[in-house]
Ligand SMILES: Cc1ncc(COP(=O)(O)O)c(C=O)c1O
């Protein structure tokens, strides 16, 4: 029973469900050996060594409050992207930016547009503040954003459009041409939140350049994270580049000291570590290829991905797969909460983990020839 203590929009609210931690799965299934966590799009190569060194040094100073304005990090990012410091917002992970967009800019009478089957946080932040949510169905087999459908849902009530590119969990992307055509249809006063959490992993050459639109004076917020290719997920640090009024709006609503002292030091060093990002991208591309080839011949659909994960869609209930993989010490992400109950999402781990995943999935989906049969009806 929802408590009447909660604000009205929160009474039917279901919070974000994160990937399962390793120790929880170890306890639940009494596992002793290695557990492969392939559930949360983390970097299997670890953390940028330059960031690690900077954070070790910064630990000596944690008796002090951090720089509340993240001055040096914002200046560094402004220089890197050719913007002013007032165009840069630093956050405790990019989810903080997304949440603050809702808190700072949305009235309950406003509407938000995004796609179905995209990053769950967009829907959750809109619901938290009681704004209306409009979801455009996906196209191309139900795995890709329909940019025209998203644009068609924008009217006077719409204040924010949330877009992830590449998108999570399907891994698909929209191109520069598609985005430019989309922006031409979006009214100037609508805020377009362009979430590029997986940008460092992309290898195609037709990805949009959100900075072009920002420099043209569009109300666009370009959101980035240090959690993925830089390997800083546990530190919680991200940033956003946008027009001064949007950045000021976010500043108004953030917690004081939102980016902690160690995270600021880690991020300062990580963004210079181009070698680590290059290595992470190359490793990811090779392992995605290995996984995709390993799944060949199985009764699954795997949309093309430019992220550090693959969506594996069995088109039938896949919750049993998630459980059986856990029993074998492999944690993937069930996709029911994303409207894809037949799918799991897997992020490449180290090569041996990926080999183990492919072998286990093949065994589980092989039916009567495998040691374990799928449940009736699968
Ligand atoms: C599209 C997208 N945006 C943002 C995030 C959150 O990243 P952060 O760790 O910076 O909060 C994720 C994480 O999975 C994501 O998939």
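Numbering (the working numbering), first residue to last: 3 to 380. Even for Gly, the Cβ is constructed at its ideal location relative to N, Cα and C.
Any non-hydrogen atom of ligand 1 closer than 7 angstroms to residue i Cβ
i           : result
residue 240 : yes
residue 227 : yes
residue 121 : yes
residue 345 : no
residue 1   : Look at the range of the chain in this structure, 3 to 380, and you will see that residue 1 is not part of it.
residue 166 : yes
residue 199 : yes
residue 170 : yes
residue 43  : yes
residue 53  : no
residue 235 : yes
Strand pairing of residue i, partner residues [DSSP]
i           : result
residue 336 : 346
residue 39  : 333
residue 227 : 240
residue 91  : 242
residue 196 : 165, 224
residue 146 : 141
residue 135 : 114
residue 313 : 347
residue 303 : 315
residue 160 : 113
Close-in-space but distant-in-sequence residues of the same chain around residue i (CB under 7 angstroms, 5 per side omitted)
i           : result
residue 281 : 47
residue 222 : 194, 196, 212, 215, 216, 244
residue 126 : 18
residue 379 : Its pLDDT being 44, under 50, residue 379 is placed unreliably in this model, and the value from its coordinates should be taken loosely. Contacts found: none.
residue 122 : 18, 339, 340
residue 241 : 79, 90, 91, 92, 93, 226
Residues of its chain near residue i, where Cβ-Cβ distance is below 8 angstroms and the 5 sequence neighbours each way are ignored
i           : result
residue 230 : 43, 44, 45, 199, 200, 202, 203, 310
residue 353 : 289, 292
residue 160 : 112, 113, 114, 115, 136, 192
residue 373 : The pLDDT assigned to residue 373 is 35, lower than 50, so where the model puts this residue is not dependable; a value taken from the coordinates is nonetheless given after this. So the qualifying residues of the chain are 365.
residue 20  : 42
residue 1   : A question about residue 1 goes unanswered here, because the residues of the chain that appear run from 3 up to 380.
residue 189 : 156
residue 219 : 245
residue 321 : 336, 338, 343
For residue j and residue i, the rounded distance between their alpha carbons
i           : j           : result
residue 248 : residue 363 : 46 angstroms
residue 34  : residue 358 : 16 angstroms
residue 50  : residue 74  : 19 angstroms
residue 30  : residue 22  : 11 angstroms
residue 58  : residue 274 : 17 angstroms
residue 375 : residue 28  : Here residue 375 scores only 41 on pLDDT, less than 50, and its place in the model is too uncertain to base an answer on.
residue 316 : residue 86  : 47 angstroms
residue 262 : residue 298 : 45 angstroms
residue 153 : residue 61  : 47 angstroms
residue 381 : residue 348 : In the structure as shown, the chain starts at 3 and stops at 380, and residue 381 therefore has no counterpart that could be examined.
residue 361 : residue 150 : 40 angstroms
residue 9   : residue 284 : 47 angstroms
residue 65  : residue 260 : 16 angstroms
residue 183 : residue 355 : 41 angstroms
residue 134 : residue 11  : 11 angstroms
residue 325 : residue 32  : 14 angstroms
Contact set for residue i: own chain, Cβ-Cβ below 6 angstroms, skip 5 residues either direction
i           : result
residue 139 : 118
residue 255 : 102, 105, 106
residue 177 : 208
residue 237 : 265, 268
residue 303 : 315
residue 335 : 21, 41, 347
residue 72  : 92, 261, 266
residue 377 : Low local confidence applies: a pLDDT of 42 at residue 377 is under 50, so the model's placement there is unreliable, with the coordinate-based value given in what follows. Result list for residue 377: 322, in chain order.
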